[in-house]
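Below is one structure, written out as structure tokens; the observations come after it.
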Amino acid sequence: MSDYLDKPLVLVIFGITGDLSQRKLLPALYHLIKHQQLPEIKIVGISRKEIPVSEVYKNLHQKIYGSDYDQAVVEQLYRATEMVQVDLDNSADYEKLLQRLRIVSDELGPGVSRLYYLSIPSQAFVTVVHHLGETNHHEPFEQDSERPRLLVEKPFGFDTASAKTLVQAADEHFGEQQTFRIDHYLAKETAQNILTFRFQNPLFQTIWNTKHIESIRIVAYETIGIENRAGFYEQTGALRDLLQSHLMQLLALITMEKPAALESHDIHRTKLRLLESIDAIAEDEVETRAIRGQYDSYKTEVANAESHVETFARLHLNINNEQWRGVRVTIETGKALHEKCTEITVRFRANEDAPGTNTLAFRVQPQEGITLSLQAKRPGLSKNTETVKMDFDYEREFYGLAGEAYERVIIDAIRGDQALFATAEEVLTSWRIVENVLRAWAKNGDGLHIYPVGAPAADIS
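Under the numbering used here, the letters of the sequence shown match residues 1 to 461, in that order.
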């Protein structure tokens, strides 16, 4: 049994009724409890209004599929949860919350771990963290096994300046070692396997460079629009929502050098070195290296006829180091497109003796897996070739073993393993790369491509 299961857990959830908690966090807690992968747990939900526990879990059955739903597990979640009303601007409420958490911890016994999960608007982050710090939520109780940890959802700011403010607030009260910035893409099985695939298979190590690789393309497409997130999306847009965070992290994994060890510190140090080698897009390059679009019904959905917020974004990046200089790198994301797909495609260079194309694709979602495209001779008398695929599918190969990304996020935060979380330096460096694009796009809607719902991404250019 893992040692983290021996330590009781108090999980404090700010934003427990919000979209992300309802879609990702609570279903993950359900599955972890069902499969007995959590220690004894007390969940303390934080809300501005007085909300009963039944309201928090009323839609959980819609997120648990088919035979996996177990009412007994839901009732266990109910019993483990209590709600506390907190005015996020009122320091006295944080003091009352601390008193309640002390009682909860005492009831659980010695060796308790405490996690604060923040799924709140970015503009509320500094206020909440300062109040938590000023009322000593960052300090362990007498019986606690360790210092409390801060688990933070993106976006990590809206630009470099705001991100620095968030970093400083977290560092002042909790410290970098206790701050876990969630990037759930990194917790998906395919993303976790990128480094293992690259560095545990000698076949690929000597060809992972500009001499043999022509291009790298990372895409995250969705068929849905913004749904009920008009306020969030009007402030964020596709570039901030996905490119600057998730896709930049995936790019680092696919292109970073081999770390000294596959441990958190070494991975982050090597990843940061790669991110620092990516050229920031200059002001006079925005028009040629950054493309944006907006699906045609977006303005109606957000009730803003003047909106030029992008629902599609594509960036062409340069990795300015010896290993990757000259390789075409593209990252792009969009909503209301023709397919749902998050994928990394590595295209190898052809040569005179072998003009055919080889590609290696890492499917992050859906149907996680890895596909290698090769050239093979067609049966018969001719020497004609065609593309064939060697395919590895996670679900088929490891049926029932792969958990959801948020389950891994929770477990690693409890363990204190930061390997799959973004560091402050990584976040700030990613903002630096896109800063001029954000500034240019904020001025007006010039160059905004309007595309129909269901359009192929290739048509947006």
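The beta carbon of each residue, even a glycine, is placed where N, CA and C say it ideally should be.
- [ ] Assign H138 to one of two classes, buried (16 or more other C-beta atoms within 10 Å of its C-beta) or exposed (fewer than that).
- [x] The count along the sequence shown starts at 1 and reaches residue 138 at position 138. Within a 10 Å sphere around the beta-carbon of H138 sit 16 or more other beta-carbons, which makes this residue buried.
Task: Per DSSP, cross-strand counterpart(s) of H449 - done: As a working note, residue 449 is residue 449 in the sequence shown. Bridge partners of H449: G293.
- [ ] Output yes or no for whether 9 Å exceeds the beta carbon distance between L186 and F421.
- [x] Sequence index remark: in the sequence shown, residue 186 carries index 186 (1-based). Sequence index remark: in the sequence shown, residue 421 carries index 421 (1-based). Between L186 and F421, the CB-CB gap stays under 9 Å.
TODO: Please go through the segment 57 to 122 and give each complete alpha helix (DSSP H) segment of 4 or more residues, from N-terminal end onward.
DONE: 71 to 80 and 91 to 108
TODO: Report, in whole angstroms, the separation of the C-beta atoms of V364 and I216, which I expect to be a contact under 8 Å.
DONE: Reading the sequence shown from its first residue, position 364 is the one you call residue 364. Reading the sequence shown from its first residue, position 216 is the one you call residue 216. Not a contact, Cβ separation roughly 14 Å.
- [ ] Output the distance between the C-alpha atoms of G111 and I411, rounded to the nearest integer angstrom.
- [x] Counted from its first residue, the sequence shown places residue 111 at position 111. Counted from its first residue, the sequence shown places residue 411 at position 411. The straight-line gap from Cα to Cα measures roughly 17 Å.
TODO: Measure the C-alpha to C-alpha separation of S119 and Q22 and round it to an integer number of angstroms.
DONE: Residue 119 sits at position 119 when you count from the first residue of the sequence shown. Residue 22 sits at position 22 when you count from the first residue of the sequence shown. Each residue's Cα considered, the two are about 11 Å apart.
TODO: With DSSP collapsed to three states, give me the class of Q143.
DONE: As a working note, residue 143 is residue 143 in the sequence shown. DSSP places Q143 in coil when its eight states are reduced to three.
Task: Residues near S307 by beta carbon distance below 6 Å, same chain, minus five either side - done: By one-based count along the sequence shown, residue 307 stands at place 307. In its chain, beyond the 5 residues on either side, K299 have a beta carbon closer than 6 Å to the beta carbon of S307.
- [ ] Take W324 as the anchor and find which of G454, T288 and N209 has the nearest alpha-carbon.
- [x] Against the sequence shown, residue 324 aligns to sequence position 324. Checked all of G454, T288 and N209; the closest Cα to W324 is N209.
TODO: Since I believe F312 is in contact with R292 (beta carbons under 8 Å), could you give me their beta-carbon distance rounded to a whole number of angstroms?
DONE: Indexing the sequence shown from 1 puts residue 292 at position 292. Indexing the sequence shown from 1 puts residue 312 at position 312. That pair is a contact at about 6 Å.
TODO: Would you mind sorting P148 into buried or exposed? The rule is 16 or more other CB atoms within 10 Å of its CB.
DONE: For the purposes of this step, residue 148 is identified with residue 148 of the sequence shown, where counting begins at 1. The residue is buried, with at least 16 neighbouring Cβ atoms inside 10 Å.
Open item on the list: Quick check on this structure: which residue in V12, S277, E426 and K271 has the alpha carbon closest to the alpha carbon of K258?
Closed with: Position 258 of the sequence shown, counted from the start, is the residue given in the question as residue 258. Ranking V12, S277, E426 and K271 by Cα distance to K258 puts K271 first.
Task: Helix, strand or coil at I194 [DSSP, three-state] - done: Indexing the sequence shown from 1 puts residue 194 at position 194. Helix.
- [ ] Report buried or exposed for N444, applying the criterion of at least 16 other Cβ atoms within 10 angstroms of its Cβ.
- [x] Locating residue 444 in the sequence shown gives position 444, counting from the first residue. Exposed is the call here.
- [ ] Within its chain, find whatever has a CB closer than 8 Å to the CB of G18; leave out the 5 residues flanking it on each side and keep chain order.
- [x] Sequence index remark: in the sequence shown, residue 18 carries index 18 (1-based). Closer than 8 Å at Cβ, skipping near neighbours: S119 and I120.
Open item on the list: Only counting the same chain, and skipping five residues up and downstream in sequence, which positions put a Cβ closer than 8 Å to that of M1?
Closed with: On the sequence shown, residue 1 is found 1 positions in, with the first residue counted as 1. Only weak support exists for where M1 lies, its pLDDT of 39 falling under 50; the value from the coordinates is given anyway. Spatial neighbours of M1 in its own chain (CB-CB distance under 8 Å, excluding positions within 5 residues in sequence) are not present.
Open item on the list: Considering only the alpha carbon of each residue, which of H316, I64 and R48 lies closest to M248?
Closed with: As a first step, residue 248 is located in the sequence shown; it is residue number 248 there, counting from the start. If we check each option's Cα against that of M248, H316 comes out closest.
Open item on the list: Can you tell me whether G133 is helix, strand or coil according to DSSP?
Closed with: Along the sequence shown, read from residue 1 onward, the residue named residue 133 stands at position 133. Three-state result, G133: helix.
- [ ] Determine the direct distance from the alpha carbon of Y221 to that of L242, and round the result to whole angstroms.
- [x] As a working mapping, residue 242 is identified with position 242 in the sequence shown. As a working mapping, residue 221 is identified with position 221 in the sequence shown. Distance between the alpha carbons of L242 and Y221: 10 Å.
- [ ] Indicate the three-state DSSP secondary structure (helix, strand or coil) for R217 in the structure shown.
- [x] What you label residue 217 is simply residue 217 of the sequence shown in a count that begins at 1. If DSSP states are grouped into helix, strand and coil, R217 belongs with the strands.
Open item on the list: How far does the beta strand (DSSP E) with T179 in it extend, from its first residue to its last?
Closed with: Within the sequence shown, numbered from 1, the residue matching residue 179 stands at position 179. First-last of the beta strand (DSSP E) with T179: T179 to I182.
- [ ] Starting from the Cα of P379, find the closest Cα among S373, V327, V388 and T371 and give me that residue.
- [x] Here residue 379 refers to the residue found at position 379 when the sequence shown is read from its first residue. For the residues S373, V327, V388 and T371, the minimum Cα distance to P379 belongs to V388.
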